[in-house]
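Residue numbers (our numbering): -12 to 332.
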């Protein structure tokens, strides 16, 4: 059964100080990106209006803010570009022009997050990578890290999320994503340390509620990893304990290969570009790792997880679970690692 992603990306807020124009200016809000743009409060500090800038400047600024607030990003960009074109030859307006250019990057980042909300990382990354690194809003690093996480590019995800958390250390959502990235790299100690870093988070109580299940899961996975064996196949990698028999593994491989061939021939579902990780967990640890019900015969959360008892023989129930979870995995890969709808589960 596929789990719904734990991350929902929305955002960028308008607000802050406009010392150059004397009015409120647009900047990205670097706090939690879970809220919608409309629900975020605009933070502003009023300062005296410099006489050098005419009132219509503030009218345009208000229009940009309004368009951003209702997510009319294309219109906001057109207005920004028009203002730059109109005023760029006026030396007295240079601070205003610089401000407009900065806001262009904010609006482009917001456009990218519209695609991220739909888990369309291809479109989002195209936008975010066009923004010069020096001008890229910090929150863009989170979005880029999210995409690298989804595509299992663990080293890049690690780098981007680490850089983001250096700026926004209170974002427990990103801490959780980085912990899972460390887990995927086999760096369990670092992953567990990240979950323990919540002691320094302001919203500690809420963050701990989310992190405690992850911490327990990481500890159980770390325990299993000490004796874990690996067997690689053509499109999959098996992770299992020494007590799993060779005959059991052979039956697993046979079931995987037949199921994949049928998905391809009957439904046109291609083999995945990257190897699918398949874990066979101790029955007790399976519950701690997945937090799934005791009766669950398997689960797909980005990796296939199958519980197995010591000395268990391969049965049709096991084969059925493998076929079911492999179908989830193939379809998830096919749609760019987006989750399947609830009705499919």
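Virtual Cβ for every residue (Gly too), placed ideally from N, Cα, C.
Worksheet item: If you draw a straight line from the C-alpha of residue 215 to the C-alpha of residue 284, how long is it?
Response: Roughly 21 Å between the two C-alpha positions.
Worksheet item: If you draw a straight line from the C-alpha of residue 2 to the C-alpha of residue 53, how long is it?
Response: In this prediction, residue 2 has a pLDDT of 32, which is less than 50 and means its spatial position is unreliable; nothing more can be read from the coordinates.
Worksheet item: What is the residue span of the beta strand (DSSP E) that residue 258 lies within?
Response: Taken as a continuous stretch (DSSP letters only), residue 258 belongs to no beta strand (DSSP E), as it is neither H nor E.
Discussion item. Based on DSSP bridge pairs, tell me the residues matched to residue 217.
Written reply: Under DSSP, the beta-bridge partners assigned to residue 217 are 226.
Discussion item. Using a 10 Å radius around the Cβ and a threshold of 16 neighbouring Cβ atoms, would you call residue 86 buried or exposed?
Written reply: Flag for residue 86 reads buried.
Worksheet entry | Separation of residue 120 from residue 208, as counted between CA atoms | Pairing residue 208 with residue 120, the inter-Cα distance amounts to about 36 Å.
Worksheet item: Which parts of the stretch 267 to 331 are runs of the beta strand (DSSP E), unbroken and 3 residues or longer, counting only runs that do not cross its ends?
Response: The DSSP assignment places 291 to 295 as complete runs of the beta strand (DSSP E) inside the stretch 267 to 331, in order along the chain (cut-off: 3 residues).
Worksheet item: Which same chain residues, not among the five before or five after residue 261, have their C-beta less than 7 Å away from its C-beta?
Response: So the qualifying residues of the chain are 139.
Worksheet entry | 8 Å Cβ cutoff met for residue 177 and residue 169 | With contacts defined by Cβ atoms closer than 8 Å, residue 177 and residue 169 form a contacting pair.
Discussion item. Tell me which residue opens and which closes the alpha helix (DSSP H) that residue 171 is part of.
Written reply: Per DSSP, residue 171 belongs to the alpha helix (DSSP H) from 159 to 171.
Item to complete: Just mark residue 277 as buried or exposed, buried being the case when its beta carbon has 16 or more other beta carbons within 10 Å.
Response: Label assigned to residue 277: buried.
Fill in: When 124, 114 and 84 are compared against residue 93, the one with the closest alpha-carbon
Just measuring C-alpha positions, the residue of 124, 114 and 84 sitting nearest residue 93 is 124.
Worksheet entry | Exposure of residue 70, with buried meaning 16 or more beta-carbon neighbours within 10 Å | That one is buried.
Worksheet item: Which residue or residues does DSSP assign as beta-bridge partners of residue 264?
Response: Residue 264 pairs with 224.
Worksheet item: Can you name, in chain order, every residue of its own chain whose Cβ lies under 8 Å from the Cβ of residue 38, other than the five neighbours on each side?
Response: Only weak support exists for where residue 38 lies, its pLDDT of 46 falling under 50; the coordinates are left without a value.
Item to complete: Have a look at residue 184 and residue 213 and give me their C-alpha separation to the nearest angstrom.
Response: Within the model, the alpha-carbon separation for residue 184 versus residue 213 is close to 24 Å.
Item to complete: Taking all protein chains shown into account, decide if residue 294 is buried (16 or more other Cβ within 10 angstroms of its Cβ) or exposed.
Response: The residue in question, residue 294, is buried, as its Cβ has 16 or more Cβ neighbours within 10 Å.
Worksheet entry | Minimum C-alpha distance to residue 105 - residue among 133, 117 and 75 | The residue with the shortest Cα to Cα distance from residue 105 is 133.
Worksheet item: Rounded C-beta distance between residue 265 and residue 228? I'm assuming under 8 Å.
Response: Separation of the CB atoms of residue 265 and residue 228 is rounded to 13 Å, and the pair is thereby denied contact status at 8 Å.
Worksheet item: Near residue 222, which residues of its chain fall below 7 Å by C-beta distance, leaving aside the five closest residues on each side in sequence?
Response: Once the five neighbours on either side are set aside, the close Cβ partners of residue 222 are 247, 258, 259, 262 and 263.
Practice prompt. Within the same chain, show all residues whose beta-carbon is closer than 8 Å to that of residue 200, passing over the 5 residues directly before and after it, in chain order.
Written response: Excluding sequence neighbours, residue 200 sits near 278.
Worksheet item: Under a three-way DSSP split, which group does residue 232 fall into?
Response: Taken through DSSP and simplified to helix, strand or coil, residue 232 comes out as coil.
Discussion item. Report the CB separation of residue 172 from residue 145 in whole angstroms; it is logged as a contact under 8 Å.
Written reply: Contact flag correct, Cβ pair sits at about 7 Å.
Worksheet entry | Where residue 208 sits in the DSSP three-state scheme | Of the three classes helix, strand and coil, the one that applies to residue 208 here is helix, per DSSP.
Practice prompt. Could you check if residue 90 is buried or exposed, using at least 16 other CB atoms within 10 Å of its CB as the buried criterion?
Written response: Residue burial annotation: residue 90 is buried, with at least 16 other C-beta atoms found within 10 angstroms of its C-beta.
Item to complete: Under the assumption that residue 224 contacts residue 217 (Cβ atoms under 8 Å), give the Cβ distance between them as a whole number of angstroms.
Response: At roughly 6 Å, the Cβ-Cβ gap stays under 8 Å, so residue 224 and residue 217 are in contact.
Discussion item. Rounded to whole angstroms, what is the Cα-Cα separation between residue 41 and residue 74?
Written reply: In a straight line, the C-alpha of residue 41 is about 12 Å away from that of residue 74.
Practice prompt. Grab me the residues of residue 317's own chain with a C-beta within less than 6 Å of its C-beta, minus the 5 sequence neighbours each way, in chain order.
Written response: Only 250 and 256 meet the Cβ criterion.
Discussion item. Let's test the definition: count the other Cβ atoms within 10 Å of the Cβ of residue 109 and tell me whether it reaches 16, buried, or not, exposed.
Written reply: Under the 10 Å beta carbon count, residue 109 is surrounded by fewer than 16 other beta carbons and is classified as exposed.
Item to complete: Within 10 angstroms of the Cβ of residue 204, are there 16 or more other Cβ atoms? Answer buried if so, exposed if not.
Response: Around the C-beta of residue 204, 16 or more other C-beta atoms lie within 10 Å, and the residue is accordingly described as buried.
Discussion item. Once DSSP output is grouped into helix, strand and coil, what is the label at residue 107?
Written reply: If DSSP states are grouped into helix, strand and coil, residue 107 belongs with coil.
Discussion item. Taking the alpha-carbon of residue 167 as reference, which of 314, 303 and 288 has the nearest alpha-carbon?
Written reply: Checking every option, the nearest Cα to that of residue 167 belongs to 288.
Worksheet entry | Within 8 Å, strictly: CB atoms of residue 115 and residue 131 | For residue 115 and residue 131, yes; Cβs fall inside 8 Å.
Worksheet item: Around the C-beta of residue 29, are 16 or more other C-beta atoms found within 10 angstroms, so that it is buried, or is it exposed?
Response: With a pLDDT of 31 at residue 29, under the threshold of 50, the predicted position of this residue should be treated as unreliable, and no value is reported.
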